[in-house]
Amino acid sequence: MRIGELAARTGSTARALRHYEQAGLIGSGRAPNGYREYGESAVVRVRNIRALVAAGLTLEDLRPLLDCLDGDVLANRPSERVLGIARERLAVLDRRIAVQTGARDRLVAALAAAAAPPGAAGAGGGGGGDTGAGAVPTDG
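Numbering-wise (numbering that gives the first Met the number 0), the sequence shown opens with residue 0 and increments by one.
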């Protein structure tokens with residue numbers, strides 16, 4: 000089948016399929032006219048890739064799992080290898096969330112300080128010239 004049919008059957012896009020192919024997750028042959036041709040098994044593999052990416056894994060995470068992508072990965076109990084990869088990805092996401100939460104908290108504090116009337120407690124108006132990371136610049 001050609002790339003457009005595979006995209007339609009999997010809810011993907013031709014661009015995503017080319018990206019999966021470049022990442023080494025799917026393969027194709029070439030027709031005499033140069034068009035990519037995919038086998039029927041690519042439908043299952045692409046659906047699995049999309050499901051696992053939607054669950055939070057990256058294409059890089061999926062590379063060691065190539066031999067698992069041709070079956071019904073969501074219906075079977077994951078192997079210890081898959082669980083290990085998922086746990087590592089979860090730890091990465093938790094660290095990113097913590098960093099983003101800290102940035103959000105600093106921004107909330109800076110906006111609260113900027114909205115406080117001059118001289119209000121915690122507004123940074125004590126003459127100290129707050130130039131720290133939480134300061135909100137003025138238009139001047």
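Think of the CB as a built atom: it goes at the ideal place given N, C-alpha and C, for glycine as much as any other residue. All figures in this text were calculated on a predicted structure; none of them were measured in a lab.
ask   = T9 lies in the alpha helix (DSSP H); which residues open and close that run?
value = If you number the sequence shown from 1, residue 9 lands on position 10. Where T9 is concerned, the enclosing alpha helix (DSSP H) stretches over 2-9.
message = Output needed for A102: all residues of its chain with C-beta closer than 6 angstroms, excluding positions within five of it in sequence on either side, in chain order.
response = Mapped onto the sequence shown, residue 102 falls at position 103. Once the five neighbours on either side are set aside, A102 has no close Cβ partner at all.
Assigned exposure category for A144 - 16 Cβ within 10 Å defines buried = Because the chain here runs from 0 to 139, residue 144 falls outside it and cannot be looked at.
query = Does DSSP put R95 in a helix, in a strand, or in coil?
reply = The residue labelled residue 95 in the question sits at position 96 within the sequence shown. If DSSP states are grouped into helix, strand and coil, R95 belongs with the helices.
task = Identify the continuous alpha helix (DSSP H) that holds L51 and give its terminal residues.
result = By 1-based counting over the sequence shown, the position of residue 51 is 52. Counting along the chain, the alpha helix (DSSP H) containing L51 begins and ends at 40-53.
task = Alpha carbon to alpha carbon, how far is V107 from V52? Give it in angstroms, no decimals.
result = By one-based count along the sequence shown, residue 52 stands at place 53. By one-based count along the sequence shown, residue 107 stands at place 108. C-alpha separation (whole angstroms): 32 angstroms.
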